[in-house]
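Residue numbers (this note's numbering): 162 to 777.
No residue lacks a Cβ here, since even glycine has one placed at the ideal position from N, Cα and C.
The structure under discussion appears below in the form of structure tokens.
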Amino acid sequence: MDHRFQVSLRGVIDLLSHHLYSSPGVYVRELLQNATDAIRARQQLEPQATGAVGLELREKQDGGPPTLLFTDEGVGLTEEEIHRFLATIGESSKREQLEARRNDFIGQFGIGLLSCFMVCDELLVVTRSAKGDGRTLEWRGRHDGTYDVRVSEHPLDAPGTHVYLVARPDMVEWFTPERVRQLAKHYGGLLPFPVRLTVDGKTEALNLDGPPWRRFYETPGDRRQALLAYGREVFGTDFLDVIPLRSEAGDVDGVAYVLPASPHFNAKQKHRVYLKQMLLSESAENLLPEWAFFVKCVVNANGLRPTASRESFYEDAVLAKAREALGQSLRQYLMDLAHEQPRALQRLIALHGLSVKGLALDDDDFYRLVIDWLPFETSLGVMTLADYRRSWPVVRYTPTLDAFRQVARVAAAQGLCVLNAAYTHDTALLEKLPHVVPEAQVAPFSSADLPQSFEELTLDEREAVYPLLRLAEGVLAPFRCGVEVKKFFPAEVPTLYSSDAEGAFRRDAERAREESDDLYAGVLDGVMAGGGGQERALLCLNLHNPVVRRLAAVESRELLKLSVEMLYVQALLLGQHPLNAQEMALLNHGLLGLISARLDEGGGGGSSGPGSRGMH
162 MDHRFQVSLR GVIDLLSHHL YSSPGVYVRE LLQNATDAIR ARQQLEPQAT GAVGLELREK
222 QDGGPPTLLF TDEGVGLTEE EIHRFLATIG ESSKREQLEA RRNDFIGQFG IGLLSCFMVC
282 DELLVVTRSA KGDGRTLEWR GRHDGTYDVR VSEHPLDAPG THVYLVARPD MVEWFTPERV
342 RQLAKHYGGL LPFPVRLTVD GKTEALNLDG PPWRRFYETP GDRRQALLAY GREVFGTDFL
402 DVIPLRSEAG DVDGVAYVLP ASPHFNAKQK HRVYLKQMLL SESAENLLPE WAFFVKCVVN
462 ANGLRPTASR ESFYEDAVLA KAREALGQSL RQYLMDLAHE QPRALQRLIA LHGLSVKGLA
522 LDDDDFYRLV IDWLPFETSL GVMTLADYRR SWPVVRYTPT LDAFRQVARV AAAQGLCVLN
582 AAYTHDTALL EKLPHVVPEA QVAPFSSADL PQSFEELTLD EREAVYPLLR LAEGVLAPFR
642 CGVEVKKFFP AEVPTLYSSD AEGAFRRDAE RAREESDDLY AGVLDGVMAG GGGQERALLC
702 LNLHNPVVRR LAAVESRELL KLSVEMLYVQ ALLLGQHPLN AQEMALLNHG LLGLISARLD
762 EGGGGGSSGP GSRGMH
């Protein structure tokens, strides 16, 4: 035996008010929407028909809750349609025509009228159908799920619908003249049919001119100023510029506003969107591409599908095509700036560089236009890629901030310019350069590349530092680090520690092994064993440095060993390489050894030998 679901209307209303709609004020939007759809439906029957929507606020003489009357000159409802559409949750009067004429109506879900029960306990609908027998019918629905239908004793003169709402005592705030006016203008300010509000016998028009981006302006300058003023009114912000938007998919048009300050790169801009000129949402997030967070937009869509709450658009193929087309409008704007107003593009990049970089990665044509304008941090200061390429044929870059810090100071002293590509998208942008600009050369750079630019020693200098070099090689062999002596700038830097990518990986793996349990340590041992036994690190001593020159003359092997160990640890710290346990022990031992040597020297009256003079 089959049974029917039992639906609690009170529970459905609670679901709407707390989980579907953003606030009780959406009842005005739903009634405006129903009225607008009813007028459009009548125009299908009578193409010459015009229609208007009226709101009238009636205050009771006894001080009771006010009544709000909604009227429209639409198609109305027959008795069969009343039972079917007003008393059946989820049934829409537009559903039968929806597939054939989806763009004609705003509502699609058949639940909008229920939003009225968030602000009142009883709803009276008086309607006369343009398709019926001329009778005027009354439907009275209550929040407990009961309703009745009868022929009205006060017939309407023409087809249309009147909806009466008596405010619930706790919802009177949503029925004040100021609140009703604000809600009606907010939701229906761009509707194509007149919307009028009557209070105390005085009637005012709430929608006068339609979407401002569709109006005629004498000059492009007038249009720009008017649209910027509209953006200030809507968002309360003075924007930098305004961009026209248009998409055939979804029949979308509107404007995008360039933000005057850069938002966080993870921030998603919330846009104001209208559906068939009825406000759908002020916080739609899925309308523009993700990279377009440097703009806020106001658009109207005639062919996109709303979600059940009618506060955003349903994610489907049409929305995807519309998003792509709107993104193309933004691309074209930026490309026009690059060709016609490069200074303006530079200012835009300074504010919204991340969005521009994201678009450049996505679009080769746009990449060619803007890549030379993008600024990069380098070892010789901030410069555009065009400035860099004019002076250096090969674009050298470091992919991480630590790698850049390791080389920047020394590279600058040698006259080498290295880009810091650690910022979001920078490495990908540089790696893309040779694929888009074939003659360009790009190469990653690390501290291991620096010694190649250092000055070699003379034969006499090699002989003088040979004892130091041999001892240092023995001291650092357990750390898989080779030793060289060269001359480089700045002279105050005594050493440079460098390693390639494999060497850096080995150091990280060794530190992880020290901090891991036996099982994981065994796995890391296997990984490192497969990496080969070649040296991957180098400590380069700088003979331009006074301390290194004096060390070359020290005869005490113990003092030399201690000094080399400390220079090695100092080079690691200056290069921002974390110390492993063995190196931490070396640091502690070296500090204590230097302190002890200094104390012995002071307590013993001082030694005049060369081993002592080398450290003064």
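I need the straight-line Cα distance from L721 to S757, nearest angstrom please. 15 angstroms
Nearest to T398 (by Cα), restricted to the options R529, F231 and C458: C458
L580 by DSSP, collapsed to three states: which one? strand
Consult DSSP for C790 and reduce its assignment to one of helix, strand or coil. The displayed coordinates of the chain run from 162 to 777. Any statement about residue 790 would go beyond what the structure contains.
For the alpha helix (DSSP H) holding G464, just list the boundary residues, first then last. Neither: G464 is in no alpha helix (DSSP H) and is coded neither H nor E.
Beta-carbon proximity of S408 to A478, cut-off 8 angstroms: no
Are L247 and L274 touching if we call contact CB-CB under 8 angstroms? yes
Candidates P628, L580 and F527: which alpha carbon is nearest V597's? F527
Taking the continuous beta strand (DSSP E) assigned at D233, which residues delimit it? T228 to D233
Endpoints, beta strand (DSSP E) assigned at P381: Taken as a continuous stretch (DSSP letters only), P381 belongs to no beta strand (DSSP E), being part of the alpha helix (DSSP H) at P381 to F396.
In or out: Y378 buried (at least 16 other Cβ within 10 Å) or exposed? exposed
Using the Cα positions of I532 and S444, report the straight-line distance between them to the nearest angstrom. 33 angstroms
Could you round the C-beta distance between L317 and T337 to whole angstroms and report it? I think they count as a contact, below 8 angstroms. No, L317 and T337 are not in contact; Cβ-Cβ is about 28 angstroms, not under 8 angstroms.
According to DSSP, is D526 part of a helix, a strand, or is it coil? helix
Does Y475 pass the burial test, meaning 16 or more other C-beta atoms within 10 Å, or should it be called exposed? exposed
D523 and W452 - do their beta-carbons sit closer together than 8 angstroms? yes
Can you give the Cα-Cα distance for D761 and Q743, rounded to whole angstroms? 26 angstroms
Hey, how far is the Cα of L702 from the Cα of F650? 11 angstroms
Just verifying my parser: in three-state terms, what is the DSSP assignment at R340? helix
Beta-carbon contacts of G392 that lie in its chain and below 6 angstroms, excluding the five residues immediately before and after: F400 and Y418
Let me know if L369 comes out buried or exposed under the rule of 16 or more other beta-carbons within 10 Å of its beta-carbon. exposed
Ordered along the chain, which non-local residues of its own chain (more than five positions away) have a Cβ less than 7 angstroms from that of T307? none
Would you report the Cα separation of R566 and Q737, rounded to the nearest angstrom? 8 angstroms
Could you tell me which whole alpha helix (DSSP H) segments of length 4 or greater appear in the segment 572–652? 587–597 and 620–637
Could you give the uninterrupted runs of the beta strand (DSSP E) lying entirely in the segment 415–445, keeping only those of 3 residues or more? 432–436 and 439–445
Check this for me: beta carbons of W335 and A345, under 8 angstroms apart or not? no
Can you name, in chain order, every residue of its own chain whose Cβ lies under 7 angstroms from the Cβ of G488, other than the five neighbours on each side? L449, P450 and A453
Within 10 angstroms of its Cβ, does L752 collect 16 or more other Cβ (buried), or is it exposed? exposed
Can you tell me which of V708, G186 and V603 puts its alpha carbon nearest to the alpha carbon of M332? G186
Per DSSP, the bridge partner or partners of R219: T228
Boundaries of the beta strand (DSSP E) in which P405 is found, first to last residue: D402 to S408
How long is the line joining the alpha carbons of L594 and A601, rounded to whole angstroms? 7 angstroms
Spatial neighbours of L541 within its chain, please: CB distance less than 8 angstroms, with the 5 preceding and 5 following residues excluded, ordered by chain position. A573 and C578
Mind checking R385: buried by the 16 CB within 10 Å criterion, or exposed? exposed
Under 8 angstroms, do C642 and A698 count as touching if we go by C-beta distance? yes
Quick check on this structure: which residue in L406, L700 and Q502 has the alpha carbon closest to the alpha carbon of A638? L700
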